[in-house]
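Protein sequences appear in the order of chains A and B.
Under numbering that gives the first Met the number 0, the first residue of the first sequence carries the number 0, and numbering increases by one thereafter.
Under numbering that gives the first Met the number 0, the first residue of the second sequence carries the number 0, and numbering increases by one thereafter.
No residue lacks a Cβ here, since even glycine has one placed at the ideal position from N, Cα and C.
All figures in this text were calculated on a predicted structure; none of them were measured in a lab.
Shown next, in structure tokens, is the structure this report addresses.
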Amino acid sequence: MSRTRREFIRDLGISAAAIPFVLNLPSLAFANQGQRKQRIIFMFSPNGVVRKNFWPDEEGEEFKLKEILKPLEPFRDKMLILNGVCDQVRGDGDSHMRGMGCLLTGIELLPGNIQGGSDTPAGWAKGISIDQELKNFLHKDAATRTRFGSLEFGVMVPERADTWTRWSYAGANKPITPIDDPYQMFAKLYGRAKDQEALSSVLDGLKDDLKKVSAVVGSADRKLLEEHATFVREMEEELKESRATAGHAVPPLEPGVRRDNDNMPQISKTQIDLMINAFAADFMRVATFQYTNSVGGARMKWLDISEGHHALSHEGNDKLAAQEKLTKIDMWFAEQMAYMAKRLAETPEPGGEGSLLDNTLIVWTNELGEGNTHTLNDIPFVMVGNGLDFEMGRSIKYKRTPHNRLLLALAHGFGHRIDKFGNPGFCGGGPLELT
Amino acid sequence: MQFTLLTSILAAALVLCALPVAGGQEAGGEEIYKLQCARCHGAAGQGTKKYPQPLVGGKSPAQLAGLIGRTMPDDEDEKCTGEEAGRVAAYIHDSFYSADAIARLNPPRVELSHLTVGQYRNCVADLIGSFRPVAKVDDQRGLRGDYFSGRDVRGGAGLISRVDPEVKFDFGAAGPDGETEDGKFNPNQFSIRWDGSVLAPETGVYEFIVRSDHAVRLWVNDTKRPLIDAMVKSGTDTEYRGSILLLGGRQYSVRLEFIKGKQLDKKKLLSAKPTAASVELLWKLPRRTEEVIPARLLSPVKAAEVAVMETAFPPDDRSYGWERGTTVSREWVSATTDGALECAGYVIAHLSELAGVSDDASDRGAKLRVFCRKFAERAFRRRLSEAEKVWYVDRQFESAPDVEFAVKRIVLLVLKSPRFLYPGAMDQADGHGGGDWAVASRLALTLWDSAPDQALLDAAAAGKLKSREEISRQAERMLADPRVKVKVRGFLLAWLKLDPAPELAKDAKRFPEFDAALSADLRTSLELFLDDIVWSAASDFRQLLLSDEYFVNGRLAAFYGVEPPAGGGFAKMKLGPGGRAGVLTHPYILSSLAYAAESSPILRGVFIGKGLLGITLRPPPNAFTPLAAELHPGLTTRERITLQTSQASCVACHGVINPLGFALEEFDAVGRFRAEENGKGLDVTGFYESRAGPTVEFTGARQLGAYLAGSEEVHAAFCQQMFQHLVKQPVRAYGLDKPRQLQASFAESGHSVKKLIVAIAVTAASDASGQEAPESVGAATGR
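Take a look at the structure:
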């Protein structure tokens, strides 16, 4: 019977559950048990939002969630909604490009050859993004260092590298490619464990083979093969040992999810599950989670919407049918965030108090404030979780405040007390006061 | 600077020889030895506490006799002379002193060996490559360039479609056809695609470099994932780099896309003022400097992907001067595990392509099983019995949870099996030295450091690898493969003591233009010289020591003061003035056998004596610093060396070394000709006391080259070193007379290197069991 690769990985995942995770990360896994583990997730969805169905009318602790944010109701007291935060970075590139490339970097795009729908052509962002800045900050200290530092997840990110498809940057001109294939991510996280399982399963065969061949070589040469066999036995002992000191188990993986528009809900769930497991295993403290891309055109047929997301987002505010569909689309993204929050809340903090959500902040954002106007004002920033000791359960309305100040606040939330990030011209006033 | 001054001890001081002649009878050599010599040298020449150096070496009986006559015994050197010295010398020589005597006392055997690191990588690459089509590279050199108007490079043939020898273009503000207006191209927006393959001349990590002020993308080997992706032209970057491990002697597909122009609308395109555009494709070979990828290594024919495993292995044992796999270590066994896992990952990632079956085919399981059976057979280099196929393959399919996991297990089982890792392991079990399959395997290992190709496997399956003629024919066919060229070049560089490559650092004041790029060019020049002679029709070994035509490019021409060749690359020419003689005076070798500012007759003499003539030289008793040239401004290098090595303790070795090196004194530390040194004329006379007899005298490089080219000592050393390098076993393991046989056939062939390679391959392939292959099929023993 022929089976698919997906089924094979699923089977491996389950049967490998008892297999120790790795031999190769001894100190990292245990070095950082002392202090509280702060984490952050940056979640992206494209094309702006339907403002009237997104932003709460009220300010302060007494606010009502509008339709789009309704799925986050269970986390209302762990939420922080920031209105009036604006991406004021200008320069080359159209709004979608700058909206994406400057979102986490807070700095201009370099001149380049990529021409958007308007404005001048541009290339990559001129600086590092805040997620990578935090990753580097945490990596410097052995107490907060982790195996990967950060992981970049994607869901249906197009297979082309350009200013619209990248938001995380290791530095100027150094965009990071997100991994949007759950099986590729699985291999990155658990490949070694899978290899060890395969190896264990052929060990008896290898030993038999060596015996058979040893029996037919001349006595002078046999010594060499006997020595070889000794080392194979040592390998066997090591494999057993690693089994005995089993650390993190390999999670099961849903089989057969093809990288296909219609499978977006499944891919999303699978990627979220992998991310939560990776956090629980302390593989990283920082994650980005990118749905499609800036100008993304997902067709959410599972919501009975056949048009592409981006095309819909150009419709005017008076086109009610389109507004309704866009509202449903954004609600779906809010549901994904809610699922992340739920999984974090359900997962106890390993070796610590409370849940992962108590130590994690999810930041959901977008390259535009609104699709049809392409404004970079009022960029949606919705946060859930207590990772950074911000005072949650609030709706805040700022007056045209550059988003660099929010990026600074995130850094300060990790104890990374920088006074500039991205273009220093937008850092006046310092980090937003959110605690 | 420090250097080691070689002093005496050619034949570890023969100390004793006081002989009473008993009863007027002439004493035999053995008798003389026991009476006079054994006291100090030990009963079998093994040495004693007082004189621990064993009596072994490369002198001829006549040379030994001469030495004994002059110097032995230590206290009374008149006591053993003339015929007596001759008899005792003959006894010593034949009993324990000579290489033959040593081999007779302790016969070497062909030892079971595992694949060396290079062989492992090649075997895996060819094992996987055997499931892919073979590219037929023709004589065309360069890459296919297709030039398009607009930004789309993915179409068929372009407006221009031609073979470009190399990618190094500066279009200025014009279109690629040189036109700014009315041309086929809009100079604001055009694109080019270069396609084809590149031959990697050696194994190592290559850095590819694309320089362009516009968008570019480069693929090397892997046609799906670009090595360099700068399709987004961003900021001021104009140089992009990517590194990749390549195995030497293989063709790798290369594709470069270049796109000029932003995504402008038509109107803007016509009105905009064109900017400049240029593009260059370079690389940096391991330990060399950057260069535009030369046309001679490019082909417009695409190549199949090569599976290059990157697992790091511990380096092979090279203590005998050649790599061999006769010891195992924990690290090596562990690396074979990592290698097998890496290969399994590769096979599974490319499974459908390799097995020739689609992901959802209904017969996928059956086809994968066929694939795995072939995989095991090819990995083991022989036909497997049905029971073996079941054991390695079928039972995995029956027990694994799914087919991919079964494949993974099979790859692990096969690549971790001693049958794969130790190619000769099953030879004895198969009888007849392993039969045709083993012959095929040994031929491929000897000539390619790899696994048999389909033609060899077919010949083995048809039982057509029995007679020497059949094996010879295969070996001759195999010579056409670039992998042989890489392996033979590797040997020649080892023969010339240039592996690993020396760091050539020269005095910046005296030789300001001698930089890393020049040094890299010199190495390339030498390699081209070696290839040119060895792979010419005559393949005459002697030309390696006689030819005075070298490969020179513009930079070398400027440095060595000759007319630069037309065209950008290397061309063959004389490096006048001064008579040159093959490798002896190739400027790369002369530069490497020299100090930063001064020539070194000692390094050159040791190279000729030890390396080319194969004489035994022991290291000097102490480390010596050479006399500084500036402290002896009135002396030539020859005079300085003579001054420093004139003590008795130096002369035994330096009496041989110096006169060889002095003959090359017309060439300075960078291999340039000089007519005088420090205002003094040069004495380039020298001599060598050959083992066969007379002392030969020569003046200058050409006479020395002519002598060495015809020297049987040089031929013998070359044959033996080449055998051991190619086969990775001691030559006398194939018969005590084998060195002489090889040398005789080498002489008969007119000293053809190619024929020597074939003779070595045939010997190694057929003689592993100690039995000669029969002369013809009729005499073949049936299997």
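- Compare the Cα-Cα distances from alanine 595 of chain B to each of B/Lys78, B/Phe510, B/Ile127 and B/Phe745 and report the closest residue. B/Phe510
What does the alpha-carbon distance come out to for the pair leucine 340 of chain B and valine 123 of chain B? 12 Å
Those runs of the alpha helix (DSSP H) which lie wholly inside the segment 306 to 358 of chain B and span at least 4 residues = 329 to 348 and 350 to 354
Next on the checklist: Restricting to Cα atoms, I'd like to know which of A/Asn112, A/Ile113 and A/Arg97 is closest to isoleucine 106 of chain A.
Outcome noted: A/Arg97
Q: Could you tell me the distance, in whole angstroms, from the CA atom of glycine 68 of chain B to the CA atom of glycine 44 of chain B?
A: 18 Å
*Considering only residues of the same chain and omitting the five flanking positions on each side of glutamine 335 of chain A, which have a CB-CB separation below 6 Å?*
Ser267
Verify whether the separation of the beta carbon atoms of leucine 529 of chain B and arginine 488 of chain B is less than 9 Å. yes
Check your understanding: Listed from N- to C-terminal order along the chain, which residues in the segment 92 to 105 of chain A have their beta-carbon within a distance smaller than 9 Å of any beta-carbon of chain B?
Key -> none
Should proline 120 of chain A be flagged as near chain C, meaning a C-beta pair shorter than 9 Å?
Looking at the structure shown, chain C is missing, and the protein chains on hand are A and B.
* **Short-range partners of chain A found in the segment 271 to 285 of chain B, where Cβ spacing is below 7 Å** => none
* **Separation of glycine 568 of chain B from glutamate 562 of chain B, as counted between CA atoms** => 13 Å
Cβ-based burial, glycine 581 of chain B [other Cβ within 10 Å; buried from 16]: buried
Interface residues of chain B facing isoleucine 175 of chain A [CB-CB closer than 8 Å]
Correct list: empty, because the minimum Cβ distance to chain B is about 13 Å.
Would DSSP call leucine 447 of chain A helix, strand or coil? Since the first residue of chain A shown is 0 and the last is 434, residue 447 of chain A is not available in this structure.
Discussion item. With a threshold of 8 Å, are at least 3 pairs of Cβ atoms found where one atom belongs to the segment 375 to 395 of chain B and the other to the segment 356 to 365 of chain B?
Written reply: no
Of all the CB atoms in chain A, is at least one closer than 9 Å to the CB of tyrosine 421 of chain B? yes
- Message: Below 8 Å on the Cβ atoms is my contact criterion, and I expect leucine 589 of chain B with leucine 703 of chain B to pass it. Report the Cβ-Cβ distance as a whole number of Å.
- Response: Between leucine 703 of chain B and leucine 589 of chain B the Cβ distance is about 13 Å, and since that is not below 8 Å, they are no contact.
Problem - Classification of glutamate 369 of chain A by the beta-carbon crowding that lies within 10 angstroms, buried from 16 upward - result: buried
Three or more C-beta pairs under 8 Å: does that hold for the segment 76 to 87 of chain A against the segment 391 to 410 of chain A? yes
Neighbour-count burial assignment, arginine 673 of chain B, 16 or more Cβ in a 10 Å radius:
exposed
What is the rounded straight-line gap between the Cα of phenylalanine 623 of chain B and the Cα of isoleucine 640 of chain B? 12 Å
Original post:
What are the start and end residues of the beta strand (DSSP E) that includes valine 162 of chain B?
Top reply: 159 to 163
Handout entry: Short CB-CB distance (under 9 Å) between tryptophan 123 of chain A and chain B
Key = yes
Using a Cβ-Cβ distance under 9 Å, would serine 293 of chain A count as near chain B?
no
Query raised in the report: In chain B, what lies closer than 8 Å to valine 256 of chain A by C-beta?
Result: Under the 8 Å cutoff, chain B gives no residues; its nearest Cβ is about 15 Å from valine 256 of chain A.
What is the DSSP secondary structure of alanine 124 of chain A, reduced to helix, strand or coil?
strand
Discussion item. Closest to alanine 651 of chain B by C-alpha separation, out of B/Ser252, B/Arg617 and B/Lys183, would be which residue?
Written reply: B/Arg617
Within-9 Å CB hit, methionine 234 of chain A to chain B:
yes
Worksheet item: At a Cβ threshold of 9 Å, is aspartate 236 of chain B touching chain A?
Response: yes
Pull up the distance between the alpha-carbon of threonine 287 of chain A and that of leucine 492 of chain B, whole angstroms please.
-> 52 Å
- Message: Using C-beta distances below 7 Å, list every residue in its chain close to arginine 418 of chain B, excluding the 5 sequence neighbours before and after it, in chain order.
- Response: Phe379, Ala424 and Met425
Isoleucine 258 of chain B - containing beta strand (DSSP E), residue span
249 to 259
Problem - Neighbour flag for asparagine 262 of chain A against chain B, beta carbons, 9 Å - result: no
(request) Would you decide whether isoleucine 417 of chain A is buried or exposed? Buried here means 16 or more other CB atoms lie within 10 Å of its CB. (result) exposed
- Message: So, under 8 Å CB-CB, histidine 309 of chain A and isoleucine 328 of chain A are touching, yes? Tell me the CB distance rounded to an integer number of Å.
- Response: With a Cβ gap of about 11 Å, histidine 309 of chain A and isoleucine 328 of chain A do not count as contacting.
* Asked: Of all the residues that make up the segment 184 to 206 of chain A, which are near chain B by a beta-carbon distance shorter than 7 Å?
  -> Asp194, Ala197, Leu198, Ser200, Val201, Gly204 and Leu205
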